[in-house]
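Reading through the structure tokens given below for one structure.
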Amino acid sequence: MIWNAFAIAVREISRNLTRAFLTVLGIFIGVAAIITMVTLGQGATLAVKAQISNLGNNLLTLRPGAGFGARASSAGTPHFTEKDATIIGEQIAGIAAVAPVRSALLSTIYRQNARSSTVTGTTPVYFEINKWRVAEGRLFNEVDFRSGAAVCVIGNTVRTELFGSENPVGAQIRIGKTACVVIGLLVAKGQAGMGDQDDTIIMPLSALQRRVIGKTSSHDISQISISAQDGVDSEALITELTSLMRQRRNLQRNQDNNFNVFDTRQIAETLGSTTQLMTLLLAAVAAVSLMVGGIGIMNIMLVSVTERTREIGIRLAIGATGGEVLLQFLVEAVTLSCVGGVVGILLAFGLCAGLARLIQVPFNFNLQINVVAFLFAAGVGVLFGYTPARRAARLNPIDALRHE
Amino acid sequence: MNPPANETLIELRNLTKTYGEGDAAFQALKGIDLTIQRGEFVALMGPSGSGKSTLMNVLGCLDTLTTGTYQYQGIAVETLTTDERSLLRRYALGFIFQGFNLLARTSSLDNVELPLLYRGVSRRDRHERAVAALTSVGLPTKLHSTPAELSGGQQQRVAIARAIVTEPSTLFADEPTGNLDSATTRDIMELLTRLNQDRGITVLMVTHDDHVAATARRTVLIKDGQIESDLVRA
Ligand SMILES: Nc1ncnc2c1ncn2[C@@H]1O[C@H](COP(=O)(O)OP(=O)(O)OP(=O)(O)O)[C@@H](O)[C@H]1O
Ligand SMILES: [Mg+2]
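What follows is the structure, encoded as structure tokens:
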């Protein structure tokens, strides 16, 4: 009997291809939309998380100025000294490494290519603190630092802009007026929530001070990067750091801090919850599109209900039982819904793969959302395909035939 | 093959049918007593709106009666469940509607095969029997046409083929020749007569046409929901 109902259902579908197509369309658009949005949303969350962990997850950055955001103003507030960095490393417990940083926007030239780049002068521990690794060549070390060698490592964006596909290692570029040898290419980190991290040139602080810009004052350190040891409470560290710096900068009780401590963990948490919110939002949009798909299906079913009621009347009149007719409609609805669901999953797979590449987020096949979307859409299809038939199948054949 | 004499097939006692309820109620059949023997060929006549289709629908188990009794082959039809009535239609009754009632966008062949499908007849048998039925109504060339591609008379003949393909024990025909020219009408009447005489199928037929009614040995006249006369020709 099931097989019979299946045969009848398949015939009935093939006879009404337009109706079948529209039903399938409604379902597969809903399924594809929800899967694509949720998958991409999760991809984006993952990407942001990965980039945040690239930043260094227990990284504190000390910067001049009262704070960041709207109140941020480092104008007029003194920068730091190299001594500050040394003292912090010596006096505060729980710190793994400290690196003074001096940054400047300088023109950089290789052959006929020129651009201005942010050049960072620092000590070798900076790489470890900020989780920079070398893709080709090497990083500069203590020897380079002490000798003030005119060497640098470059980020992937600088490499692309200055060198194209050429191997930069060993080449000589001009930074400001100084010739400088590229000794390493950094592994790309990508776009984090905070601009292109790969648009960077890093060189020994000593070389930047002595050869490129010149030592202008002792307060020439624009930022101090600090990494905490694993398991150290960053709140306590920040408190200690703040009081040390107030003391070193001779701030009175009634004076506000003229520096700030930037904690990447806070940023990580903020960005994490933002992307989570975004994923939720996308899921909501997708749920709406699934509902719209469902309403589309319902419409098609309702429009065809007159014709279908007559069909049911004819089938009943020539000897079908109500149960057989219902089974046929059920098989029909399930078949169409499943076809729609499977097509939707395939389409979503393609869309996710393509879009993930386009917007550069990782693509992880999420079985759960595929199953949920499929079941929901199939449920909607079956519900709306089946319900009108239920009423008609209970009628006297003659009433079903007379239906208008 | 002659029908065994005096085997009662259909017996109605004081049958009434009321449409609607309350103020809108309308009694279309007002107490019908009728007995039909197996193998009879009965013409049902009467003015428009007199209740002929209503009676046929009740007899064909497409509709339920309001009061009275209806025995088909000794079975009290009014006590059957919906599914049991479906099975009675499936295995014993054939119905030709006043308005064809073919499945749209469906070939003649598929339409005619449909009742066999519900009987669980194998694919090959279905095809053979449907072709034979369509041939016997003069449509061997229209097997794959859909109703939209057929004339009214041709659709009526597909409907007849669908009703006879199962070789029912009783065939109900509500104005089977209402849409046909006189030549086709003659063919159809010959077909019905042959089914009645050769296969012993009991035929009940509504008609407005005296010539058509003359094919039947017995003519029941209905007026205003009641039997006015019941004549058997010698
Ligand atoms: N579903 C219905 N609801 C209410 N009244 C109905 C319904 N069907 C038929 N009637 C009424 O019952 C009466 C008998 O109708 P029926 O269709 O049996 O007539 P008929 O004898 O077949 O007429 P015709 O020769 O025109 O086909 C008519 O007065 C009609 O208005
Ligand atoms: Mg009528």
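So the sequences go chain by chain: D and W.
Numbering-wise (our numbering), the first sequence opens with residue 3 and increments by one.
Numbering-wise (our numbering), the second sequence opens with residue -4 and increments by one.
Each residue gets a CB set at the ideal place from its N, CA and C atoms; glycine is no exception.
Just mark W/I70 as buried or exposed, buried being the case when its beta carbon has 16 or more other beta carbons within 10 Å.
W/I70 should be labelled exposed.
Any residues in the region 8 to 34 of chain D with a beta carbon nearer than 8 angstroms to a beta carbon of chain W? Which ones, in chain order?
A9, I10, R13, R17, N18
What is the DSSP secondary structure of D/A72, reduced to helix, strand or coil?
Confidence is the limiting factor: at D/A72 the pLDDT is only 44, short of 50, which leaves the residue's position unreliable, though a coordinate-based value still follows. Coil.
Count the other CB atoms within 10 Å of the CB of D/A72; is the residue buried (16 or more) or exposed (fewer)?
Caution is warranted here: a pLDDT of 44 is assigned to D/A72, below 50, making its placement in the model unreliable, and no coordinate value can be reported.
Can you give me the start and stop residues for the alpha helix (DSSP H) that D/Q1 sits inside?
No statement about residue 1 of chain D is possible, as the shown extent of chain D runs from 3 to 406 and does not include it.
If we count Cβ pairs, one from each stretch, closer than 8 angstroms, do we get three or more for the region 194 to 211 of chain W versus the region 33 to 46 of chain W?
Contact check between the region 194 to 211 of chain W and the region 33 to 46 of chain W: three or more CB pairs, one atom from each, fall below 8 angstroms, which counts as touching.
Since D/S220 contacts D/T83 with CB under 8 angstroms, what's their CB separation in whole angstroms?
5 angstroms
Note down, in chain order, every chain W residue with its Cβ under 7 angstroms from the Cβ of D/P399.
L57
Look at the alpha carbon of D/K191 and the alpha carbon of D/N18, and state the distance between them as a whole number of angstroms.
54 angstroms
Using a C-beta cutoff of 9 angstroms, does D/I316 count as contacting chain W?
yes
Nearest neighbour of D/I87, chosen from D/L62, D/C182, D/S109 [CA to CA]:
Correcting the residue identity first, residue 87 of chain D is Ala in this sequence and not Ile. When each option's Cα is compared against that of D/A87, the closest is D/L62.
Exposed or buried, which one is D/P170 when buried takes at least 16 other CB atoms within 10 Å?
buried
Check whether the region 168 to 175 of chain W and the region 130 to 143 of chain W are in contact - that is, three or more C-beta pairs closer than 8 angstroms.
Counting C-beta pairs with one atom in each stretch, the region 168 to 175 of chain W and the region 130 to 143 of chain W have fewer than three that are closer than 8 angstroms, which means they do not touch.
Using 10 angstroms around the beta-carbon of D/L279, count the other beta-carbons present and answer buried if the total reaches 16, otherwise exposed.
Result: exposed.
Got a sec? Which residues, its chain only, sit under 7 angstroms from W/L186 by beta carbon, not counting five neighbours each side?
Cβ neighbours of W/L186 within its own chain (closer than 7 angstroms, five residues either side excluded): S131, V132.
Span of the beta strand (DSSP E) holding W/I91?
88 to 91
For chain D, check one thing: does any of its Cβ atoms lie closer than 9 angstroms to the Cβ of W/T101?
yes
Give me the subset of the region 296 to 315 of chain D whose CB atoms are less than 8 angstroms from a CB atom of chain C, sorted by chain position.
Protein chains D and W are contained in the structure displayed, whereas chain C is not.
Hey, out of D/F261, D/I111, D/L304, whose CA is closest to D/A173's CA?
D/I111
Specify, as a first and last residue, the run of the alpha helix (DSSP H) that W/P110 falls within.
103 to 114
Once you ignore the five residues that flank W/E230 on each side, which residues in its own chain have a CB closer than 6 angstroms to its CB?
No answer is possible for residue 230 of chain W: it lies beyond the span of chain W, which begins at -4 and ends at 229.
Short CB-CB distance (under 9 angstroms) between D/E334 and chain W
Using a CB distance cut-off of 9 angstroms, D/E334 does not count as an interface residue toward chain W.
Count the C-beta pairs between the region 386 to 393 of chain D and the region 47 to 56 of chain D that are closer than 8 angstroms, then say yes if the count reaches three, no if not.
no
CA nearest to the CA of D/L329, picked from W/Q66, W/Y113, W/L10, W/A178
W/Y113
In chain order, what residues of the region 109 to 131 of chain W put their CB closer than 8 angstroms to some CB of chain D?
L109, P110, L112, Y113, R114, G115
Please state whether the Cβ-Cβ distance between D/I89 and D/L141 is less than 9 angstroms.
no
Can you tell me the Cα-Cα spacing of D/I203 and D/R248, whole angstroms?
Roughly 31 angstroms between the two C-alpha positions.
Reducing DSSP to helix, strand and coil, say where W/Q68 ends up.
coil
D/R212 versus D/S236: straight-line alpha-carbon distance, rounded:
35 angstroms
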